[in-house]
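Per this note's numbering, the sequence shown starts with residue 26, numbered consecutively. Idealized CB from N, CA, C, for every residue including glycine. Heads up, the thing below is written out as structure tokens.
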Amino acid sequence: MAVNVPDRRGRQAPSPLEGERIRPLSRWQIEDRQKELGDLYAELSGGDPRAWNQARELFLRRLAVEVQRPGFALLVAERGVLQVPGTAVVDGTTGAEDLAHRGEGVVLTGCAYGFPVPVQGPWWRGLDGYLPRDLLRLAAAGRLFAISGLLVHSRVRTQHPGRDWNLARRLQRRLLADRTAGLPGHPAVVGVTLVDRGDPATQRALRSWGWRPVRTEARDATLTAPCRALVIGP
């Protein structure tokens, strides 16, 4: 999972009362906004321009694969910015034209995406090897959702990670809520992700946003396994 890498530009965070607008993108909207999504990932990755280009290319390549998964969902966080009068606002999203008429534009500030964990077919990063039986049963019921990407600026980790209006919490909560709304009877959905064991910063960030380690790991998820499974939800 891509989480919380340095924001080297030191931008001021929006007021929690104002916040960012969160909304889903359809597959064709994702395709139209590939440049923005890639730029966001590259910016968050830090490093020099060459490193940006490499990170951007790898991210878009992975995204192109994951977007094909059944039930894939992607949310973006946007906030309005004032535009210089007379300049055009170019954006592939619904509602951008209205913003342009008011002299405003939108800036992409975050992104989260994932998909329902399949019962059959290839598992994401060998996820089944990390799950105990109770979570496998949830997957069979369509109630296990893999959050495979969560892109936010570093301030989202350092500034009030435990508050409900924290952007990372809002994004992950909305992903699970949308999945719940699409199931008959609206049963609670559990989110799951895998984090590299050699990435303690990401593990700390996720824990601060309410994620918890899987208590009973499956047979292959030993201490020598490359990843650790975390869950969020009931």
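Option in the options with minimal Cα separation from residue i
{"i": "S179", "options": "A213, T134, R150 and Q197", "result": "T134"}
{"i": "A165", "options": "L175, V181, W148 and L176", "result": "W148"}
{"i": "G139", "options": "R162, G146 and S173", "result": "S173"}
{"i": "R87", "options": "R48, R150, Q145 and V144", "result": "R150"}
Bridge partners - residue i, DSSP secondary structure assignment
{"i": "V131", "result": "G105"}
{"i": "I55", "result": "Answer is none; I55 lacks a bridge partner."}
Sequence-distant residues of the same chain with beta carbon closer than 7 Å to residue i, five excluded per side
{"i": "R52", "result": "V92"}
{"i": "A76", "result": "S70"}
{"i": "G35", "result": "In this predicted model, G35 has a pLDDT of only 43, less than 50, meaning its place in the structure is not dependable; the value taken from the coordinates is given anyway. None."}
{"i": "G63", "result": "R81, F84 and L85"}
Where residue i falls, given that 16 or more other Cβ within 10 Å makes a residue buried
{"i": "V131", "result": "buried"}
{"i": "E103", "result": "buried"}
{"i": "W190", "result": "exposed"}
{"i": "E45", "result": "buried"}
{"i": "G210", "result": "exposed"}
{"i": "V177", "result": "buried"}
{"i": "P95", "result": "exposed"}
{"i": "V106", "result": "exposed"}
{"i": "P141", "result": "buried"}
Close beta carbons around residue i, own chain, < 8 Å, minus the five adjacent residues each side
{"i": "D123", "result": "Note that D123 has pLDDT 36, beneath the 50 cutoff, so the model's placement of it is unreliable and the number below is only indicative. Nothing meets the Cβ criterion."}
{"i": "L160", "result": "L169, V215, V217, V239 and V256"}
{"i": "G258", "result": "L201, A213, V214, V215 and G216"}
Presumed contact (8 Å Cβ cut-off) between residue i and residue j, rounded CB distance
{"i": "L50", "j": "V101", "result": "6 Å"}
{"i": "C136", "j": "L99", "result": "7 Å"}
{"i": "R198", "j": "S233", "result": "Not confirmed; about 15 Å, so no contact."}
{"i": "G167", "j": "L208", "result": "6 Å"}
Same chain, Cβ closer than 6 Å to residue i, five either side skipped, listed in chain order
{"i": "A67", "result": "W77, A80 and R81"}
{"i": "R158", "result": "none"}
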